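Presented below is the structure to which this report refers.
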Amino acid sequence: MSKRLDENIGAVGYDGLIVSNDPVADVVTVEFPDTPAGIVKRGTVISGTPGGKDFAALAAAVADGKALYVLADDVDTAVSTTGTAYRTGHFARNKLTVAEGYTLTAADEEALRKSGILLSDALDY
Numbered sequence: 001m002s003k004r005l006d007e008n009i010g011a012v013g014y015d016g017l018i019v020s021n022d023p024v025a026d027v028v029t030v031e032f033p034d035t036p037a038g039i040v041k042r043g044t045v046i047s048g049t050p051g052g053k054d055f056a057a058l059a060a061a062v063a064d065g066k067a068l069y070v071l072a073d074d075v076d077t078a079v080s081t082t083g084t085a086y087r088t089g090h091f092a093r094n095k096l097t098v099a100e101g102y103t104l105t106a107a108d109e110e111a112l113r114k115s116g117i118l119l120s121d122a123l124d125y
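Residues 1 to 125 in the working numbering are what the sequence shown spells out, letter by letter.
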């Protein structure tokens, strides 16, 4: 039996979250406490204490001393867990999410920029 060499084995989907490779998207691990928040999706802006275990989706204006990251993968927060997040990078503003009922403010975007997370407007195509 011969194998076809022209068939598709798999495909990589592009979700448009990362706009550019400059600055480089630096990936770190963050710890989430067990909360009833459920699944937190890739691209969610999270904040918490640097080096702490209290990260959650951004739900209020960024406070001084809070670390900011963008989730790299979906995380189920029904149990205490560790997830991966981007510490730096260049992301599409329209692909980021925050806690339900909250929107990113100009002050939030400035705090993200200061921590190495750049935002740009990007078109879906």
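The beta carbon of each residue, even a glycine, is placed where N, CA and C say it ideally should be.
This one's a predicted model, so the numbers in the text were calculated from it and none came from an experiment.
Keeping to the same chain, check which residues put their C-beta closer than 8 Å to that of Ala60; ignore five residues upstream and five downstream.
-> For this step, residue 60 is matched to residue 60 along the sequence shown. Excluding sequence neighbours, Ala60 sits near Tyr102.
How would you call Ala106, buried or exposed, if buried means at least 16 neighbouring beta carbons within 10 angstroms?
-> Taking the sequence shown and counting its residues from 1, one reaches residue 106 at position 106. Under this definition Ala106 is an exposed residue.
Closest residue to Thr82 among Ser115, Val24, Val40 (Cα-Cα distance) = Translated into positions along the sequence shown, residue 82 becomes position 82. Distance from the Cα of Thr82 is smallest, within the candidate group Ser115, Val24, Val40, for Val40.
Which residues in the same chain have their Cβ closer than 6 Å to the Cβ of Phe55, if we skip the five residues on either side of it in sequence?
-> For the purposes of this step, residue 55 is taken as residue 55 along the sequence shown, with counting starting at 1. Around Phe55: Val30, Phe32, Ile46, Gly48.
What do you get for Gly10, buried or exposed, if any count of 16 or more other CB atoms within 10 angstroms of its CB means buried?
-> Counting from one through the sequence shown, the residue named residue 10 turns up at place 10. Exposure of Gly10 is indicated by the presence of fewer than 16 other C-beta atoms within 10 angstroms of its C-beta.
List in chain order: all unbroken beta strand (DSSP E) runs of 3+ residues lying wholly within the region 72-121.
-> With a minimum length of 3 residues, the continuous beta strand (DSSP E) runs that stay inside the region 72-121 are 81-92, 117-120.
For Val62, the three-state DSSP class (helix, strand or coil) | Within the sequence shown, residue 62 is the residue found at index 62, counting from 1. Three-state result, Val62: coil.
CA-CA distance, Gly16 and Asn8?
-> In the sequence shown, the residue the question calls residue 16 occupies position 16. In the sequence shown, the residue the question calls residue 8 occupies position 8. Approximately 22 Å between the Cα atoms of the pair.
I think Ala57 touches Tyr69, with their Cβ atoms under 8 Å apart; what is that distance to the nearest whole Å?
-> One-based indexing of the sequence shown puts residue 57 at position 57. One-based indexing of the sequence shown puts residue 69 at position 69. Incorrect: roughly 11 Å between the Cβ atoms, too far for contact.
What does Gly48 pair with, by DSSP beta-bridge criteria?
-> Reading the sequence shown from its first residue, position 48 is the one you call residue 48. In DSSP, Gly48 forms a bridge with Ala67.
Just the Cα atoms here: how many angstroms apart are Asn21 and Leu119?
-> For the purposes of this step, residue 21 is taken as residue 21 along the sequence shown, with counting starting at 1. For the purposes of this step, residue 119 is taken as residue 119 along the sequence shown, with counting starting at 1. Between the alpha carbons of Asn21 and Leu119 lies a distance of about 12 Å.
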